[in-house]
Amino acid sequence: MKSSPVLLLIFFAIFGSAALAQGEAGLTFDFRRGASDNSASAGSQRVRSVATNRPAGNKTAVWSAQGLEREVFKLLNAQRREHGLSELDWNDDVAALARMHSENMADQDFFSHRGSDGSMVDDRADRLGLGSWMAIGENIAFIRGYENPALLALQKWMESTSHRKNLLGSNWKESAVGVAVRKDGTYYLTQVFLRRK
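Per our numbering, the sequence shown starts with residue 16, numbered consecutively.
Given below as structure tokens:
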């Protein structure tokens, strides 16, 4: 992906759950440093600490992939608590599934729910032996140039009706986040939601 260093591109997409017949929807966000106040509202709720998520400018914010995975998951469960929902359980197998897709996107320089081998999240779940699920969902994002990519990803997912539906879905029981980081500082995030039979 070729982009200007002063341009932050975030693309989000979501894959339908259950029978996976709902198809894909996507959103594109274009942030230029200094052009956005980074405020976000989700209905009457606000994502906390939005003001601390400044464009990184010349300063490089460094997050480990594992640290970013846990931060996104922590923020997800905070949002669920604020909405009176139970927290989701972290599942290492789901994390491996999510991480595999993020690494594939970062390594092959693409952004899509469809993997470079043509697989979708349900195919990848079955391949990893997670075939006992009855519903599965996936949110993806890539972010470059912000100090707190976890906060920005969650903020933008909460602003999108379809992504918010995944984040606040009452049918989910397990989830995890997988992150890959490119040398240019771009973070690829995949969050998978799962309900087993």
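Ideal Cβ placement from N, Cα and C applies to all residues, glycine included.
Return helix, strand or coil for residue i, following the three-state DSSP convention.
i	result
residue 106	coil
residue 117	helix
residue 125	coil
residue 100	coil
residue 95	helix
residue 82	helix
residue 196	strand
Between the Cα of residue i and the Cα atoms of the options, which residue gives the shortest distance?
i	options	result
residue 117	106, 196, 151, 86	196
residue 121	105, 209, 193	193
residue 105	203, 80, 188	188
residue 156	145, 175, 142, 149	175
residue 114	95, 144, 159, 81	81
residue 149	88, 208, 85, 142	208
residue 202	182, 166, 180	166
residue 177	152, 163, 198, 199	152
residue 79	136, 164, 206, 154	164
residue 86	204, 145, 210	204
residue 90	130, 212, 136, 182	182
residue 98	210, 180, 211	180
residue 10	154, 141, 130	Absent from the model: residue 10. The displayed extent of the chain is 16 to 212, so no value can be given.
Distance check for residue j and residue i, CA to CA, integer angstroms please.
i	j	result
residue 110	residue 191	5 Å
residue 125	residue 93	30 Å
residue 199	residue 127	19 Å
residue 185	residue 100	7 Å
residue 162	residue 168	12 Å
Using the rule of at least 16 other Cβ atoms within 10 Å of the residue's Cβ for burial, across every protein chain shown, is residue i buried or exposed?
i	result
residue 143	exposed
residue 206	buried
residue 170	buried
residue 96	exposed
residue 84	buried
Any heavy atom of the ligand GTP closer than 7 Å to the beta-carbon of residue i?
i	result
residue 187	With respect to small molecules bound, the structure shown includes none, and the ligand GTP cannot be examined in it.
>> Runs of 3 residues minimum, wholly inside the region 133-187: which ones carry the beta strand (DSSP E) assignment?
In response: Every beta strand (DSSP E) of 3 residues or more that sits fully in the region 133-187 is shown, in chain order, as 148-158.
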